[in-house]
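Residue numbers (my numbering), protein chains in the order written: chain A, 255 to 331; chain B, 22 to 106.
These notes concern the structure reproduced below.
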């Protein structure tokens, strides 16, 4: 299961161990990851947040650095 | 119509400004009282209109059905199309 301390931390990615029974014919999956973007931890958006420059915002997909959530494939690490 | 560096930078400016307008619209939907955001929105809306007027004067219409001027000749179907740009 997810470690307790990790659950509340504002980490963009979390993991859990997939249960594998001795009677399971398939090979164990091991660990699976799930995305936890910043908006889960921000709640109602505060006023006057810092903003990206327009061109940078277009590249990054959000106007606010607080909500920027870059995805790198944890399975490829 | 030759796709110069200026063409691409102007198009990128329009895309960036319009993206900011989308973000601000969504923000203002939940924060209607935020006057700073509203001022920024109006500023970007005016700037977007200005950029698009400039683009259309140089490269032709962006929208159809009267949302853009027709220009000297009715040649909106001439290349390049958006996916060719």
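Even for Gly, the Cβ is constructed at its ideal location relative to N, Cα and C.
Values in this document were obtained by computation on a predicted structure and should not be read as measured data.
So with CB distances below 9 Å, who are the chain B contacts of residue i?
i: residue 322(A); result: Ordered by position in chain B, no residue passes the 9 Å Cβ test against residue 322(A), which lies about 12 Å from the chain.
i: residue 264(A); result: Per Cβ cutoff of 9 Å: no residues; residue 264(A) is ~21 Å from chain B at best.
Compute the distance between the beta-carbons of residue i and residue j, then report whether it is under 8 Å.
i: residue 35(B); j: residue 76(B); result: yes
Ignore the nearest five residues each way along the sequence and tell me which others in residue i's own chain have a CB closer than 7 Å to its CB.
i: residue 33(B); result: none
Taking residue i as part of the beta strand (DSSP E), name the residues at either end of that continuous run.
i: residue 287(A); result: 285–289
i: residue 270(A); result: 267–271
I need the boundaries of the alpha helix (DSSP H) containing residue i, first residue and last residue.
i: residue 309(A); result: 308–314
i: residue 48(B); result: 26–51
i: residue 67(B); result: 56–80
i: residue 294(A); result: 293–296
Leaving out five residues on either side along the sequence, give the residues of the same chain with a beta carbon under 8 Å from the beta carbon of residue i.
i: residue 255(A); result: Bear in mind that a pLDDT of 48 at residue 255(A), under 50, signals an unreliable position, so the number given afterwards is only what the model happens to contain. Excluding positions up to five away in sequence, the list reads 270, 271.
i: residue 285(A); result: 269, 270, 271, 272
i: residue 328(A); result: 267, 269, 287
i: residue 48(B); result: 55, 58
What in chain A is Cβ-close to residue i, meaning under 8 Å?
i: residue 33(B); result: 309, 312
Can you find the residues in the same chain that come closer than 6 Å, C-beta to C-beta, to residue i, ignoring five residues on each side of it along the sequence?
i: residue 325(A); result: none
Pull up the CB-CB distance for residue i and residue j, whole angstroms please, since I reckon it's below 8 Å.
i: residue 82(B); j: residue 90(B); result: 7 Å
i: residue 72(B); j: residue 106(B); result: That belief does not hold up - the Cβ atoms of residue 72(B) and residue 106(B) are roughly 16 Å apart, past 8 Å.
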